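Quick notes on the structure that follows.
Right, here's the structure in full:
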């Protein structure tokens, strides 16, 4: 395809801008031209019109130096036309308009950041020049009396004038007025005073004329007008311009009566849009019958379109024509709330586990289809993929009953349904045509076929008889809408219902359409591109040889690693998007884009080829170049082929849409296409025998406009290939059967597991080290360590409950990965820092989402808990932010937002919230009182053990090298290892005195810290002097020390020496990559003085650990009772309110002798205390 016709003009205009900018940089004094830019492309008729004619027609107005086209300044070409006139004047040789090209030109540049309608501009100019407005309203005058060029849409703007010209025009600063006002005042100052009195003199002449004819009453009226015009002429210039009403996008002229541009739209919307874009630039409105459709082109408007919420731009009114095919009550015939739940159900079914299970089905279907080819022959690509992909899609999405017994019937019915979607259907879906009659009959037949399968599935679900299924069809049958609840009382007002049989059938048709149409077209274009580009084909083949050396290597993991293949698919989709138009209807009061407002009821559309082939954004846009998506490529930030999502720069690649309506099955599509072509490249040598055709843009789904023929020859004889395939399938079936049996055994083992209540961990892990409930991710944002501690506690409990849980620092988690967390629920523990700000380790995550670099989290399930203090104004701001932000991007809440108040009972708030969290994560868990099982309370299994280091051994002993270095023995060295993100300084305390007379009633101390600090470095043993630098409102973090006396007391209680060195090594119970609680090797003194908080109230986990370590039964019972869920109040009073820390408990329970490693794992962390420097 050739680039759009406008691209050459855009390049020329861009060169004009560059030339003008360079000229201004080299000029000795600023110079320029007065430019008022009309919207239309340069019109020679308009250029030659005298100014006087414009004044007479519009009641006052000025156009200086001719007019050239311009529209709203959203993109590069928007500024270009306005600059051309200035470039002509400044760069042309000789004289232009009586002025020399580079000097003597008076500079008046319109530089307001706004877009101005011609009528409003002329009315404002009439105000400034003291010209009376026309008696007949201006728009009406244009329609009836003006020549054809004035029927065209006209806008003015000056947003980019300063940046393009390279200097600030004189008029923009005159009197502090805005650019538009200043420009008009400049024109008014050059307008002769006599012009103001022209209307007065004309009215006076009319008065005298009728007075001479003795027409007194007419003369009296004329005299009144004469006096009015005289007063109007003497009126001072307005200080401000009148406000402008909302501006609608330009309406395209022409078209037929009643039909408007309908025929041109049906003939080919892409060609029509390309042609209109040349004249109307980035935004224009056409009429298709009575409906107005506004098309937007350019990254700015496109990004605003895809990010708009359904309440503003809705799909349903536009796609109502699909209801006769899909059926009533689903997708575009359902309320918005139900439609959103339908989409989430489909997205969650397309998770990693589900997609991985589909790959063997795709492979089997493709191999069986290609076996029918024989050893060599010729095929037509579109026909091949249309036949094959309907089988792979039905096998993956419709269940084995339909695929095995009814595939031929389904294929016939599907094509009858497909044929019923024609361009006429979009405007008149019930038109009495033959294709529509066939469509309606096919849907009834489809419902009848599916009804038998659905009824059998429902019967199996009800009485648990027969084969149980875990596939797409079963998930649709089991789905139920959420209950409707009273927002005040929380009572259920309407129970959520399931799908009817007709709705289940409709959803299956939706899935089949989505899975077949786009994938078959994309497979066809990918084949044409690979066969027509030998270099890319060779690269893809080498990748196949590396990742798939044999049949067994073709699996889900390797398909994801096929970078060259996925980039080739992405580039094929860019060049040939299957769906060319994205449409929404404006539902709100109006949709404001830049300076334009699209009225309510209008349809807004994007054209995918116009954006995907836009020369402003894509180098050599019509070239097939998959390397543009490499990390160093020019399109690496526009689309990510691995995650199949938009990159940092959104709104450029529209093949999958974007925002909350981005194609939910895109990962399935990539998987399907890459699987099929991997088999073709593995088994066949292929040659394309026809040229690459053009896209058929007049079709509903855009395929090639001519056949694509390909000859093939099998690399291995067919008989041998069948034997190899049969053997591999038998192996896969055996593995699947073994996995199913293992899963069944695991479930049987876990159903009798005792449960814990009140947030207490269980005594053992589930099912032979397995995690039957899958992965769980816990992300914490912590400034002082509290959220981190809760995250680790939650992880330990989750692992015992059967979740493969990980507790992660939010700073170390890539925020873009959240869109791919379709299998693991994510729990957020969010502390708030400062004035409602994110903690340091959450800053990257916060910026990522505030910069709107992610627009779709429909596959994510999450829960959030906020930590804060109600005494602060922005209480739990970050918890509320993450809960609202993720929900607004389509993520599903597993459980409601939890709020923890450190000023009241943070521990109790968290405990109550996580009890509900476990019930939401796995509804089978119940409290101990109702489960019928005894509650087993025990400490979590230790994840690390202590390995003691003998520091007195000989020089050749390896353990000596592991001992802590001498320079790490002090507080500074060890705390530096504890807090590697920060630079720590050791500051002398110069003054420390009590300032109250009765400290027993509340101590207040004055502490004075020296700003001359000493620090040591490992590179040098010498002490370095450093000045502590700070600014007002900085945070001062003080690292705490339990003191040697308390540390020695606890060490003696545990039969340890302060000088003993140790390291922590992970046990098998530790999760993958779980870090130790503190940096080792270190000494007992370092651990007890600088790491463990020995005075803070301990958690229930610690109480259970201490209980297990007690030899005295009474002491064990006492500690166990404190941790029991029914003794919350006693725990609050005895541990938290009285502040019993680890040191006190070890003293009060003398028989307790806990393992040192387990003690360190569960001990509260001694975190820095933060203070605000309030003055300098």
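Residue numbers (UniProt numbering): 1 to 1176. Glycine included, every Cβ here is placed at the ideal spot set by N, Cα and C. Fair warning: this is a prediction, and the values are worked out from it, not measured in the lab.
- The continuous alpha helix (DSSP H) containing residue 220 extends over residues 216–234.
- When DSSP states are grouped into helix, strand and coil, residue 324 belongs to the helix group.
- Its chain contains 900 as the residues whose beta carbon lies nearer than 6 Å to that of residue 906, once the 5 sequence neighbours on both sides are disregarded; these appear in chain order.
- Here the alpha carbon of residue 516 sits roughly 25 Å from the alpha carbon of residue 457.
- Per the coordinates, the alpha-carbon of residue 1043 lies some 35 Å from the alpha-carbon of residue 828.
- Here residue 1011 is exposed. Its C-beta has fewer than 16 other C-beta atoms within 10 Å.
- Apart from the 5 residues on each side of it in sequence, residue 1041 sits with its Cβ closer than 7 Å to the Cβ of 971, 1089 and 1090 in its chain, given in chain order.
- Looking at the backbone, the Cα of residue 549 and that of residue 703 are separated by about 33 Å.
- Residue 271: member of the alpha helix (DSSP H) spanning 269–280, first to last residue.
- When secondary structure is reduced to three states using DSSP, residue 389 falls in the helix class.
- The residues 1167, in chain order, have a CB closer than 6 Å to that of residue 784 in the same chain once the five nearest residues on each side in sequence are set aside.
- Burial state of residue 1171 is exposed, judged by a 10 Å Cβ sphere holding fewer than 16 other Cβ atoms.
- Linking residue 1101 to residue 302 through their CA atoms gives a straight-line distance of about 53 Å.
- Where residue 992 is concerned, the enclosing beta strand (DSSP E) starts and stops at 989–994.
- Going by beta carbons, residue 635 and residue 653 fall inside the 9 Å limit.
- Between residue 617 and residue 282, the gap from beta carbon to beta carbon reaches 9 Å or more.
- The three-state secondary structure of residue 688, taken from DSSP, is strand.
- For residue 363, the enclosing alpha helix (DSSP H) stretches over residues 352–371.
- Per DSSP, the continuous beta strand (DSSP E) segment holding residue 775 begins and ends at 775–781.
- Residue 579 is not a Cβ neighbour of residue 673, given a cutoff of 9 Å.
- Going by DSSP, residue 477 is part of the alpha helix (DSSP H) stretching over 472–478.
- Membership of residue 1171 in any alpha helix (DSSP H) is not indicated; the residue belongs instead to the beta strand (DSSP E) covering 1169–1172.
- Taking the C-beta atoms as reference points, residue 442 is found nearer than 9 Å to residue 417.
- Within the region 393–464, the alpha helix (DSSP H) runs of at least 4 residues that lie entirely inside it are, in chain order, 400–419, 423–427 and 434–463.
- Beyond the five residues adjoining it in sequence on each side, residue 688 comes within less than 6 Å, by CB distance, of 531 and 710 in the same chain, given in chain order.
- Looking from the CA of residue 894, the closest CA among 871, 867 and 861 belongs to 861.
- Looking only at 596, 250, 559 and 230, the smallest Cα-Cα distance to residue 544 is reached by 559.
- Burial state of residue 911 is buried, judged by a 10 Å Cβ sphere holding 16 or more other Cβ atoms.
- Partner residues in a beta bridge of residue 383, as assigned by DSSP, do not exist.
- Excluding sequence positions up to five before and after residue 651, its CB lies within less than 6 Å of the CB of 299, 302 and 303, all in the same chain and listed in chain order.
- Annotation for residue 790: the continuous alpha helix (DSSP H) segment containing it runs 786–800.
- Between residue 497 and residue 475, the C-beta gap is not smaller than 9 Å, which leaves the two residues out of contact.
- Looking only at 681, 973, 1027 and 1128, the smallest Cα-Cα distance to residue 987 is reached by 1027.
- Contact between residue 1109 and residue 1049 fails: their C-beta atoms lie close to 18 Å from each other, not under 8 Å.
- Residue pairing of residue 695 in beta bridges, as defined by DSSP: 704.
- For residue 898, the uninterrupted beta strand (DSSP E) segment begins and ends at 898–901.
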